[in-house]
Structures are given as structure tokens and as C-alpha cells.
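Line order of the protein sequences matches chains A and B.
Position 522 of the first sequence, counted from 1, bears residue number 522 in the working numbering, the numbering being contiguous throughout.
Position 240 of the second sequence, counted from 1, bears residue number 770 in the working numbering, the numbering being contiguous throughout.
Backbone N, C-alpha and C fix where the C-beta goes; we use that ideal spot for every residue, glycine too.
Just so we're clear, the structure is a prediction, and the values are computed from it rather than from any experiment.
Protein chains: 2
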Amino acid sequence: SVNPDLGSERQTASFSVEKLTALLDGGTEQTRIRRAVVEAIESDPVFSRENQYFQTQNERYEAAVRKAVHLHKKMHEMGWTENGPEYKYIYRALSGDVAFLLHRVFMRSISVLGSDKQIAKWIPLATQHKLIGSYAQTELGHGTYLQGLETTAVFDTATQEFILNTPKISAMKWWPGDMGRSATHAVVFAQLYIQGKCYGIHPFIVQLRSLQDHSLCPGITAGDIGPKMNFEHIDNGYLLLKNVRIPRENMLSKFCEVRPDGTYVRQGSQKINYFTMTTVRISLISDEVLTPLMKACTIAIRYSVVRRQSKLKPGEQEAKILDYQTQQEKLLPQLAAAYAFHFINDYLQQLFNRGYREIQRKNFDMLPELHALSSGFKAVITQHSTAGVEICLRACGGHGYSLLSGLPSLYTKILASCIYEGENTILLLQTARFLIKCFMAASAGQPVPPSVTYLAAVKHGKCPAKNKLDFLSPDIYTEAYQHVAVRLTSSTAAKLQDLIQSGVKKHDAWNQCTVQLVQAAKVSKIYLLI
Amino acid sequence: SVNPDLGSERQTASFSVEKLTALLDGGTEQTRIRRAVVEAIESDPVFSRENQYFQTQNERYEAAVRKAVHLHKKMHEMGWTENGPEYKYIYRALSGDVAFLLHRVFMRSISVLGSDKQIAKWIPLATQHKLIGSYAQTELGHGTYLQGLETTAVFDTATQEFILNTPKISAMKWWPGDMGRSATHAVVFAQLYIQGKCYGIHPFIVQLRSLQDHSLCPGITAGDIGPKMNFEHIDNGYLLLKNVRIPRENMLSKFCEVRPDGTYVRQGSQKINYFTMTTVRISLISDEVLTPLMKACTIAIRYSVVRRQSKLKPGEQEAKILDYQTQQEKLLPQLAAAYAFHFINDYLQQLFNRGYREIQRKNFDMLPELHALSSGFKAVITQHSTAGVEICLRACGGHGYSLLSGLPSLYTKILASCIYEGENTILLLQTARFLIKCFMAASAGQPVPPSVTYLAAVKHGKCPAKNKLDFLSPDIYTEAYQHVAVRLTSSTAAKLQDLIQSGVKKHDAWNQCTVQLVQAAKVSKIYLLI
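Given below as C-alpha cells:
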């Protein structure tokens, strides 16, 4: 039975809910598949989340492992596959409350960075879950600055092995999901040394635990990093390596190879090693950012229809809190953003799938632009969505603060998206570096990548809005944001040059402009989004 | 041993740290007392918080009860008293991680709202911990709108008792701290009925649990409301009352009394019943809002000195992240706000202590102003401080997201302060109602309370700043905020009148202006704060 206040609101819709649903899903067939998946998952008691807020961290972890194993069987039973149309709905229906998620990142790394031979060896093992993979990049003392990673991989020509070490405590791998207790293997990023020379960071497949008894392999120390603001079900881990030897074939070598004699051969850009992250950054938007925002909007708006508080008019019944102007001002912009981001997300996924195909063909031309775009969009969308979920939580007052509303865990989860896969400020500064470079090129009449051609078309016009109603036209906003994006970029570029010409060293000048650069990067991305 | 990066930063201070410490504490004697308290608490293993992030909710609750009992003994042993100078430092040193905090609110309610006879009966019992008190106001369906509370207290002349009931599920008391498992008594707010007539909400002392075996009293159903975003150590509870009879003497009757024959006598304003909350709202600022902000600033700024990431200059060591402009822009304004709020807090406490004394003398003149001021300041300070703690957390990246940094729990705790003791938007609208009323009075040449005399002095001048340097003068900001406060108030008042004159009903007109009214209230409080 539907709450009568909800029922009456639903009857006032000026559109067909079923048509909108199909539009959001991408067609009625998708809607049908989604509903079938949701039905199958929600009716299965193993996937129940009913007691999750009363469980300890250990119980949450064990339940997540149980679900992952059960899901594997269930998929077989239902005829679902990892590449099938159901997959994205499965994760969503589970609310991500399942173990072994890094396994997919492990596989993606091998698919992107591995040679055909490596793919042929490892992907079938991973697909059949004969191993559990993780992705070990971040270190206790090194997150955003990948060049600063300290883990070493020294090539030993005599044995044709790499010897991996954690030279000091700050080099300990820290955060990798599934690594604390679960993973048997990981793609580990380390500085490659050949005959004393450093060749920068490279990815290596390292076995962490025995496939027989799950005990740690010789030279490996690993465990759980302890409680976090959310992700109680995930065993984020630490990893220390002491003279861990792996065969030469375990360095992922689609783009770089160490030959048996120690010769180092590179095909393509060194930056390709970051590309896994570039694609992860975009692929996470849908599940980890938009879904929580949509859920938060749904919870908060439904609650605002059901909750009555105080009177709008004396003598009447208490009013639905959604009827208060202040409540509408809080919630409706978040709902609008959720729709906007949903539709823009399709475009972003297409753009990155195209980039991914080009890179597989060893065409690296789009790499700088894709990196800048993925960084900027990830930062702007996670930032806005996180603020949106917080607004939804607070708009529900005390009941929003109860874990049982679902809002606190949506907030503590989405908040992490502002930090992982590149902290947002750092990402915006990387976008800004690309913008400034392109602006300088455009100013010198050189060609620039498609996403920044607007930088060449500097306009000095005034706001074309003449009256209130003009502000209802989307074109006004597009033009205004373009204007601000160009102006912030050009004025910061000018300030940078002034500082350098006045004798400030290039790096100090950059640092002195970073607050403005972050602004420029944000606005440029908002402009592209609208 | 101090981390060398921290050590070198500390040596660069341009002021005496010891002098500043004494200034913050309010004198060297206060500093000495504080340090002695901190030393005594921190060296006592019963008060250890070492394992708190690994404990279940039940373990947290049991530890908090253990600490509360131990604290009682410890205070006796140390010669500390509830009214002594040590008390405020005890709570701070415990980080509030102790049970029975509502006991003080229970006592305060009786002190403020009880007759001399009631004070003489209950306060000694409470002081000696012969009972455990709570404060039951909020209901499942009623938080901010106190007039809408549904719990009833019907006077039975025959037995000289009040009969308390929870007429429906939305009337169930919900949230009271210490009520789920601990409290033996509560001050319960209920609608008073005498011979079928409702006299509005009044406070009643109700026994919930046996003083012999702690079992629930007849007619009482109570328990824990379940997990929240923080406060795992507190048994926030629910309470259902079914024909619970209490003696006539249990209605707190300093200001209102029911005589044996059922005659209702009031002395002073009905609004006095809200005054406990008015004082709680101000008294919580120091411990629940400023302390978390200060701690977050300390953690984040220390971390930013110790954490090195990326290079400012090529070839050099990785830079302290505090040396990045973007990190300074995040953290230093929060630190400045913590200092500003600390010093303003003394002024607020004095103002409210004065008001409290007046009200004890049954002079209610200041009540509307105190209510408006407490509402506005609480909203503005909690809002700003909560945002500040979130910024600190995010500025520490992944390590800030680990519970072990302390930042997540500071955030989830301070966030509650935006909601409890009056949700911030509602509080700002109450402040706005006072502002509009005073503005109308001032416009009509009538006298207004001291805190809003500025509303009468409307200035239409332009910003007096002539160049960049003028913006370093605090006077510019004071004048600017005064200007904005007056302008927002006057323009909203004008919009309200226009709407009403155009035929919109008064209550609809008010609702249509609330977004602007919230802005006006915020700015007016910021103006008073600076």
C-alpha cells in the first residue's frame, strides 16, 4: 500500500513515468532487463542488506565475500555474463556491497597494458576466478605524485627475474581494495631499474598469496589498513615487499619491454601507464557518483512528501515539507543535476571508448586531451554530486542523520570519490596545465585539440541578457560560461607570464596562480558540460 | 621525539606560543588547570579511546557508561566539582565520549522551569546520581514545530495526577539521548489538557525505569532508535507512554501551575518553555562546534607539514603540502574562523548568562531577542564550522578518509549540530521573522532591541574602498555586511508587502520569500559576528 501523500503527488506528474524510465534506461528493453535483474537480486536472501548497519566490519567483509561467490554462481544460473547487458544493473542492485571489485581493475590493467601473450595467459585465469586480483599503485607516502612512488623492481639478468622491494615505510602500498585479506595477485606499480638505471614506474604482476592455502607468499607482508569512513565491506590493504622475485614475463609489456639481455624497449608514451586510471575515472562516474546522487534525491524528495511539519496556513493540516520554498531550493537543483549528469555521462563514456580503441591501436594523439578531460570531469562531477548528497541528507533533518535513512552511507561513500582515482584539486590543476598549454598554442595561432577550440575564440562582449526572461534561455548560460572560462584562463596565463617576467621562477609562479588555475579548470569543465 | 618537519615549522612562529595558549585559555591559571585535567584523564586507562574505531555500537555504549561511572569517582578523588573550573576541560579531554550527558540538560530544565520546591526535591537526587535523567521533547513526527507535539498529559482532578499518553505512532518520543537504555527519569514535553481544554506544551517529570532493577515502569515502552552517523556511544531512544500516571507535583511549575481544583495559572510567557533549548543552543557551541573545528584544523595543518607530495621545484625534495597555495587556501581560513569564533563565543556566553539571570527574575523582555540571536548564531556558526571540518578532512586526501585520522568522526559529529537543537534553516527563518518585525518597527519610528538598531540606520552609500589595499581594512567588511544585512532585510520586507498588497495571502507570501529571508538572517548574524 502506497502512502496517500506519495500517491497524490505521483498523480500530478505532467509526463508519462514509464516513458521517462525507458528514456533514462536507454530503451524499454533495457528497462525490462534492469527490472529482471533487480527482481532476481532483491528476492535472493544472500544479497539482503537488511542488517548491514548493525554488522561489524568483519561481518560486512564476510558478507561481501559470500555475495561475490554467490553472484558468480547466480550469474551462471541466470545466464548473465560480465560483458552482457545485465552486468551494470547487477552492481547497481547490489549497491556495490560485494567483494572482489578490484578484480575488474586488475583485468582491465592487463587488457590495456599487457601483451597479447600476457592477456592470453592471465585473462582466462581471472575470468574463471582461479585467482583474485588487485591493483597496487598508491603508497603510504605517495598518492597523486606517481613519479614519486618508491617501490622498486630491479631486473636480474642472471635469473631473468625482477626483484621487488619496499625500500622504506613510506613506500608501503596502502589502500588497494581487496588486498588486505582477499587478493592472490596484484598489478603492482614500481620503479624499474636495469643495471642501476631507473626507467620510471611500470606495472608488474605479483603473486601475494598461495593458491593452495591462501597463506602469504615468501617476502610478502600484507593486511588490512583499518576502519574508514565507509567501505566496511572492503579489505583495503597494505603491502610490503622484501626481495620478491617474479619472472621477466610478469612485467606488463604491451608498450614497454625488458629483453632478456636487459635492453629496454618502449613503444609509445610513458604516460600510457596512467591510462588505466584515466578510464577508471570515467567509468566510475555512473555507479559510484550518479547512482548515489540519484538515490539521495529519491530518498530526500520522497521523505519531503511524507513528512509534514508546521503549518503554511493557520487552521490547516501541517504542510508537506516539500511545499516549503526553502526545501524546494535545497532539493530540486540536486534532482536537476542528477538528470543533467545522467545524460552527459553517455557522451563521456562514448568519448572514452573511442579514445580507448585508438590507444589499443597505438595511436596516442588523444592521450593528453583524454587525461585532461577525465581529470576535470571527474573532479567537477564528484564535487557537485557529493555536495548534492550532503544537501539531501541535511534536508531530512534528524531522520536523515539516522543510518537507517540510507543517506549517511551514501554521503560517506560518495565523499571518497572526491579523493580516490586522483584527488580533485590535483586533477583540476592537471586540467589547468593542459588548458594553459592549449591557450598559449591558440594564442600563437597553432592548432589545438577539439575540446578547447573555444579558447581561440576570445570574445569581449557584454552579457547579452536584456531582461529577466532572457535568463531562462540556456544559450545565455553557455555563452556566459564560455566567456568566464576563456577569461579566467587568459587572465591566469597573463598573470603567470607577468610573474615569470618579473623574475619569479617558473615553478613558484605556477604555485602562486594555483587557486586561480583551479577556478579556470572548474569553469572550463562546467562550460563543456552545459 | 618531534617530527623534524613539525619542529622546524614551530621554530618559525613570530609569537610566543605559551602566551597565545594562555590568552585562548583565559589566563595562565586556566592553562595550568586545563593541563592538569588533560594529564589526569589521558593517563587513566579507563578513559582510553584507543580502540574506539574497532568497537561495536554496544561496546561503545558500555565503555561510555563505564567512563561516566569512573568519572564520578575520579571527580571525587581529584576534588573536581560540576561547578568547578575543571569541569569544562573534563568533557573536552574525554572528547564527549561519555554517557549520561542528557543528565545535565535534565537538571538544567528543572533549574530553569521548576519551582523552588521541585528544585529542592530533584536537584540533590540528580546531583548524587540517584537517578539518571533525560530530556524528551522531539517526537518521531515532530521536531522543529513544537506546537505540533502530540504527546498528551490529561489532568485527573480526582486523583490529582496527570495521565500521559502517546496517542499515535508519530507522537512517539524519538532521539532523546541516554533514553534508549540508561535513563530512569525524563523531562517529557506534552500537551496539557484540563477538563478537555488544551493549554499547550508543558514539561513533566516522568519516571521511566525502576530504581531497584532498572526494568521499565508500567505503561512505558522504550528502547534504542538504532545506528546513527555518529554518537555510537549514546543510546538515543524512543518512548511510548500508555496511561502513565504522575503526581500533580511533577509538572515543572516555576512559570505555570495547575492548582488542585484544575485551575491553570501562568506567570510570564508561554515561550519560557523553549528557553532550556535557547540556552542549550549557545552552551553547545564551545564543546560541540568549536572544539571539533579546532581539532580538525590542528590535525589537517600538522599533517600538511609532515606530508610531502610532488615537487614545487625540479631537483628538490618533495614539498610539504602546506607550501602549496591551494592547500593554504583550504586550511588557513578555517583556522582563522576557529580563532574568530573562539573569541566571539565568550561574548555570546556572557550575553546569555545575563539573559538567564533576568529570566530567573521573571523579566522576560529579552526573550524574543535572545531567541532570535541564539537561533541565528547557532545556525551560522554550526554551518560554517561543519563546512570547515569537511574541508580539513578532504584536504588530507586518503589519510583524512581513514577513521584513524580522527577527521571522519569529527565531521559526522559536528554535522549533527546543524540539525539538533533546531534545524538550521528553521532557526534562520525564526531569526528572519524577528528581523522583519524589528525592521517594520524601526521604519515606523518605534524603538527596537539593541542588537538590531542598525536596521534603523539605512545607508545608501557605495562601497568606500578605493583600491586593493582598502580591502585589508576590517572596517570595510563591517560596513559592507551591515549594508547587505539592511538591504536584504528591507528588500525582503518590501517584497513581502508587495505580495500581500497584490492579494497573496500572508502565509503564502511569507513562504515565497523564505529563500531570501534565510539569506537576510545569515548576513545579519555574520554582520553581528564581525
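Residues of the stretch 565-593 of chain B with a Cβ closer than 7 Å to any Cβ of chain A, in chain order: Tyr583, Phe584, Thr586.
Its chain contains Leu146, Gln147, Leu149, Phe189, Ala190, Gln191, Leu192, Asn273 as the residues whose beta carbon lies nearer than 8 Å to that of isoleucine 201 of chain A, once the 5 sequence neighbours on both sides are disregarded; these appear in chain order. The distance from the Cβ of leucine 373 of chain A to that of serine 451 of chain A is about 6 Å, consistent with a contact at the 8 Å cut-off. If you draw a straight line from the Cα of cysteine 747 of chain B to the Cα of histidine 142 of chain A, it comes to about 59 Å. Taking valine 206 of chain A as reference, the option from A/Thr12, A/His129, A/Met179, A/Ser8 with the minimal CA-CA separation is A/Met179. Residues of chain A with a Cβ closer than 8 Å to the Cβ of alanine 946 of chain B are, in chain order, Tyr401. The straight-line gap separating the alpha-carbon atoms of proline 977 of chain B and asparagine 893 of chain B is approximately 18 Å. Separation of the CB atoms of methionine 440 of chain A and alanine 387 of chain A is rounded to 33 Å, and the pair is thereby denied contact status at 8 Å. Residue environment for arginine 307 of chain A: buried (at least 16 other C-beta atoms within 10 angstroms of its C-beta). Between the alpha carbons of valine 289 of chain A and serine 385 of chain A lies a gap of roughly 7 Å. With a cut-off of 8 Å on Cβ pairs, the stretch 251-268 of chain A is not in contact with the stretch 54-70 of chain A, counting fewer than three such pairs. At least one CB atom of chain A sits nearer than 7 Å to the CB of tyrosine 675 of chain B. Shortest Cα-Cα distance from alanine 442 of chain A to any of A/Leu455, A/Thr431, A/Tyr53 involves A/Leu455.
Looking at the DSSP output, aspartate 224 of chain A sits in a beta bridge with A/Gly237. With 16 or more other CB atoms across the displayed protein chains lying within 10 angstroms of its CB, proline 176 of chain A is buried. Going by C-alpha positions, leucine 957 of chain B is about 24 Å away from cysteine 297 of chain A. By the Cβ-count criterion, glutamine 327 of chain A is buried, with 16 or more other Cβ atoms from all chains shown falling within 10 Å of its own Cβ.
The contact set of glutamate 548 of chain B on chain A, defined by CB atoms closer than 8 Å, is empty, because the minimum CB distance reaches about 33 Å. Cβ atoms of alanine 520 of chain A and leucine 488 of chain A come within 8 Å of each other, at about 4 Å.
At least one C-beta of chain A is nearer than 7 Å to the C-beta of asparagine 1041 of chain B. Following the DSSP letters along the chain, one finds threonine 425 of chain A inside the alpha helix (DSSP H) bounded by residues 424-443. From the beta-carbon of valine 919 of chain B, no residue of chain A is found nearer than 9 Å; the closest lies around 12 Å away.
Taking all protein chains in view, the Cβ of threonine 821 of chain B is crowded by 16 or more other Cβ atoms within 10 Å, so the residue is classified as buried. For lysine 758 of chain B, the nearest beta carbon of chain A is closer than 7 Å to its own beta carbon.
Taking 9 Å as the cut-off between beta carbons, the residues of the stretch 293-313 of chain A near chain B are Arg307, Arg308, Gln309, Ser310, Lys311, Leu312, Lys313, in sequence order. The criterion of a C-beta distance shorter than 7 Å is not satisfied by threonine 912 of chain B and serine 939 of chain B. Against chain B, a Cβ distance below 7 Å from glutamate 288 of chain A picks out nothing, because the smallest value is about 14 Å. For valine 518 of chain A, the chain B residues whose Cβ falls inside 9 Å of its Cβ are Thr856, Glu859, in order along the chain. From the beta-carbon of valine 1045 of chain B, the residues of chain A found nearer than 8 Å are Gln325, Thr326, Glu329. Histidine 606 of chain B does not reach chain A, its nearest Cβ partner there being about 35 Å away, counting only Cβ pairs nearer than 9 Å.
Ranked by Cα distance from arginine 266 of chain A, the options A/Thr279, A/Met251, A/Val187 are led by A/Met251.
B/Val717 is the residue among B/Leu842, B/Glu572, B/Val717, B/Ala566 whose C-alpha sits nearest the C-alpha of arginine 634 of chain B.
In this structure, the CA atom of threonine 127 of chain A is about 47 Å from the CA atom of glutamate 859 of chain B.
Taking C-beta atoms under 8 Å as the contact rule, glycine 422 of chain A and arginine 281 of chain A qualify, at a distance of about 6 Å. Comparing alpha-carbon positions, the option among B/Arg739, B/Lys604, B/Lys758 lying closest to lysine 660 of chain B turns out to be B/Arg739. Exposed is the label assigned to proline 333 of chain A, since fewer than 16 other Cβ atoms lie within 10 Å of its Cβ.
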